[in-house]
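When the letters of the sequence shown are read in order and numbered with full-length UniProt numbering, they come out as residues 1 to 72.
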Amino acid sequence: MSNKADAAAKDAEGRLESALGELTGDTGHQLKGKAKQVQASAMNAAEDLKDGARAVAQKVSDAAAKLADGQD
Numbered sequence: 001m002s003n004k005a006d007a008a009a010k011d012a013e014g015r016l017e018s019a020l021g022e023l024t025g026d027t028g029h030q031l032k033g034k035a036k037q038v039q040a041s042a043m044n045a046a047e048d049l050k051d052g053a054r055a056v057a058q059k060v061s062d063a064a065a066k067l068a069d070g071q072d
């Protein structure tokens, strides 16, 4: 869960930095802020992929256990 929290924090940081860049006209801050937002999205996608893989592994494990017990 901490990785999702880290991603949320990174996204918030990126939004703030991007907004600061827009207010001051500093394109460097705007770009850095957008980059942090993209990084946060990638972090979330990685966590979603891990969650999906865990769910599939659990289903395979459950099916194998049923098969071993002679259940269909």
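In this text, a Cβ means the ideal position worked out from N, Cα and C, and glycines have one as well.
Residue i - DSSP class collapsed to helix/strand/coil
| i | result |
| --- | --- |
| D26 | coil |
| G33 | helix |
| D6 | helix |
| D48 | helix |
| G70 | coil |
Exposed unless 16 or more other CB atoms sit within 10 angstroms - verdict on residue i
| i | result |
| --- | --- |
| K36 | buried |
| K64 | Note that residue 64 is Ala in the sequence shown, not Lys. Classification for A64: exposed. |
| D51 | exposed |
| K10 | buried |
| G14 | buried |
Proximal residues to residue i (C-beta, below 8 Å), its chain only, five neighbours per side dropped
| i | result |
| --- | --- |
| G21 | T27, G28, H29, Q30, L31, K32, G33 |
| residue 105 | Nothing about residue 105 can be reported from this structure: the residues present for the chain run from 1 to 72 only. |
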